[in-house]
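Asker: Quick note, the sequence shown lines up with residues -13 to 359 if you use the working numbering.
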Amino acid sequence: MVERQHNELATCKSELHQLQRRLQQQTHYDEALDDALRRESVLKDAAAEQQARLKYLENVNASLVAALDSAKKELGSSQKEFSQIIEQQRAGAYQSQLKLAQQQLQNQAEADKTLSDSLMRERSNQQLEQQQIQQLTSMQTTLNESHQHESALEEELSKLQEHSQFVVHKNASLLMEVNNTRAQLDAMQLQHQQFTQRLQQLDTACRDSEQREMVLQTDITGCRSQRQELQQQLEQTLQRESGLKEEIDNLRSDQLSAEVNSLSIKKQLDSEFQNKLDVVKNEQRKTAERFQQKQQQDAQVIVGLQQRQQNILQEIEALQQKELQDQATIQFLEEEKQKGFAHIDYLVNLLNQEREEVDYMNCCINDAASDEA
């Protein structure tokens, strides 16, 4: 039984070492979780940078819209200028035509004077008409160029509007991604809080198990001390039994010697032996009665010791059952720790997935930034 208890203590110590190792592993997992939290803070900083980038893109979009408005205003002002130029050119043409008509009337009045002057005037009129036609063609070309410039500006405006719409859609998608990352970060924070609560529960359970183990060790030391006391009592009873056996042997030897002496005395002194025979018988009777009483007392003592030994064995069995129950509780705590380790692995996998998703989002944002650039 003592060896068995020593073996059980050795197993308990090994289990304690295993629990300490697992606690060290839990500390490593806590450090990993701290690293994950730091990375989450880095991700939050990246999200803040993304928000700043979005604000910058919004400012760029606003500047583009302002540029579009200014371009529209410039187009309106250029159209007004072109219309004013055309009206001025038309007014100048009318004035020139009126002057030419007056000159023609004067020329017609003077044509009666000389044909040569009329021919010269006709030639001059033809030249003036050709100059007017050239001026009109140049004005038409300028108008065509202005229309082409207006169409190019309208195309640029349409392109700028499409780009602004693309930027708006891109900003909306980036805002959706940022909101999703925020929700995922909130969920990860909740999972981390739950995991910390679970670790606290496991720590309390481990402390309870350590306290129970200390109580078991104290109980085992008490059992050992009781066992030593019982062994001492058994040794004392055995010594007393050996002393009683020696006394019985001495009494038997005394009885034999008395019988021998009585026979010798019978042979030598029959008369004296008969007188003393009654005395010897009385003494033998008394010694026999004393011996029987002593045997009965020793038997009662032995029965009491046996009962006490049975009680001690029952107490040892109860302690063994208690040790089995404590072992069951320790196994339950180990299963709970294994569940906690599995939950930690699950959280680590989730963190890795979140990192991959964040890396993918960063790649998408970088691609979008490169496309915008």
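Glycine residues also receive a C-beta, built at the ideal position from the N, C-alpha and C atoms.
#1: Thinking C-alpha only, which one of R7, V265 and R226 is nearest Q283?
#2: When you compare only the Cα positions, how much space is there between E343 and L337?
#3: Determine the contact status of R341 and R24, defining contact as a CB-CB distance below 9 Å.
#4: Note down the Cα distance separating G326 from D20, rounded to an integer number of angstroms.
#5: When burial is assigned at 16 or more other CB atoms within 10 Å of the CB, is M200 buried or exposed?
#6: Nearest by alpha-carbon distance to L236: which of T204, E221 and T273 is it?
#7: Going by other Cβ atoms of all chains shown within 10 Å of its Cβ, with 16 needed for buried, is M347 buried or exposed?
#8: Within 10 angstroms of its Cβ, does I316 collect 16 or more other Cβ (buried), or is it exposed?
#9: Buried or exposed: L333, going by 16 or more other Cβ atoms within 10 Å of its Cβ?
#10: Quick check: the Cα distance between Q37 and Q10, rounded to an integer number of angstroms?
#11: Suppose you measure from the CA of E301 to the CA of E275; what does that come to, to the nearest Å?
#12: What's the C-alpha gap between E35 and I351?
#13: Alpha carbon to alpha carbon, what distance is there between G290 and L310?
#14: Alpha carbon to alpha carbon, what distance is there between V287 and Q281?
#15: Around the C-beta of K41, are 16 or more other C-beta atoms found within 10 angstroms, so that it is buried, or is it exposed?
#16: Quick check: the Cα distance between C349 and R193, rounded to an integer number of angstroms?
#17: If we count the other Cβ atoms within 10 Å of its Cβ and call it buried at 16 or more, is K323 buried or exposed?
#18: Would you report the Cα separation of S356 and D345, rounded to the nearest angstrom?
Answerer: Quick answer:
#1: Stepping through the sequence shown from its first residue, residue 283 is reached at position 297. If we check each option's Cα against that of Q283, R226 comes out closest.
#2: Locating residue 343 in the sequence shown gives position 357, counting from the first residue. Locating residue 337 in the sequence shown gives position 351, counting from the first residue. Approximately 10 Å, taken between the alpha carbons.
#3: One-based indexing of the sequence shown puts residue 341 at position 355. One-based indexing of the sequence shown puts residue 24 at position 38. Result no, Cβ atoms of R341 and R24 do not sit closer than 9 Å.
#4: Mapped onto the sequence shown, residue 326 falls at position 340. Mapped onto the sequence shown, residue 20 falls at position 34. One C-alpha to the other measures close to 17 Å.
#5: To locate residue 200, count along the sequence shown from 1; it is residue 214. When all chains shown are included, M200 counts as exposed.
#6: In the sequence shown, residue 236 corresponds to position 250, counting from 1. In the sequence as presented, Leu is not what sits at residue 236; that position holds Asn. Considering only alpha carbons, the answer is T273.
#7: Here residue 347 refers to the residue found at position 361 of the sequence shown. Counting Cβ neighbours within 10 Å, M347 comes out buried, since at least 16 surround it.
#8: Here the question's residue 316 lines up with position 330 in the sequence shown. Buried, because 16 or more other Cβ atoms sit within 10 Å of the Cβ of I316.
#9: As a working note, residue 333 is residue 347 in the sequence shown. L333 should be labelled buried.
#10: Within the sequence shown, the letter at position 51 stands for residue 37. Within the sequence shown, the letter at position 24 stands for residue 10. If you take the alpha carbons of Q37 and Q10, they lie about 40 Å apart.
#11: Taking the sequence shown and counting its residues from 1, the one referred to as residue 301 is at position 315. Taking the sequence shown and counting its residues from 1, the one referred to as residue 275 is at position 289. If I take the Cα positions, the gap works out to 39 Å.
#12: Walking along the sequence shown from the start, residue 35 turns up at place 49. Walking along the sequence shown from the start, residue 351 turns up at place 365. Our two residues, E35 and I351, have alpha carbons roughly 11 Å apart in a direct line.
#13: To locate residue 310, count along the sequence shown from 1; it is residue 324. To locate residue 290, count along the sequence shown from 1; it is residue 304. Distance between the alpha carbons of L310 and G290 is about 30 Å.
#14: Translated into the one-based positions of the sequence shown, residue 281 becomes position 295. Translated into the one-based positions of the sequence shown, residue 287 becomes position 301. One C-alpha to the other measures close to 10 Å.
#15: By 1-based counting over the sequence shown, the position of residue 41 is 55. K41 comes out exposed.
#16: Numbered from 1 along the sequence shown, position 363 holds the residue referred to as residue 349. Numbered from 1 along the sequence shown, position 207 holds the residue referred to as residue 193. Taking the straight line from one Cα to the other gives about 47 Å.
#17: Against the sequence shown, residue 323 aligns to sequence position 337. It is buried - the Cβ of K323 has at least 16 other Cβ atoms within 10 Å.
#18: Position 370 of the sequence shown, counted from the start, is the residue given in the question as residue 356. Position 359 of the sequence shown, counted from the start, is the residue given in the question as residue 345. Cα to Cα, S356 sits roughly 16 Å from D345.
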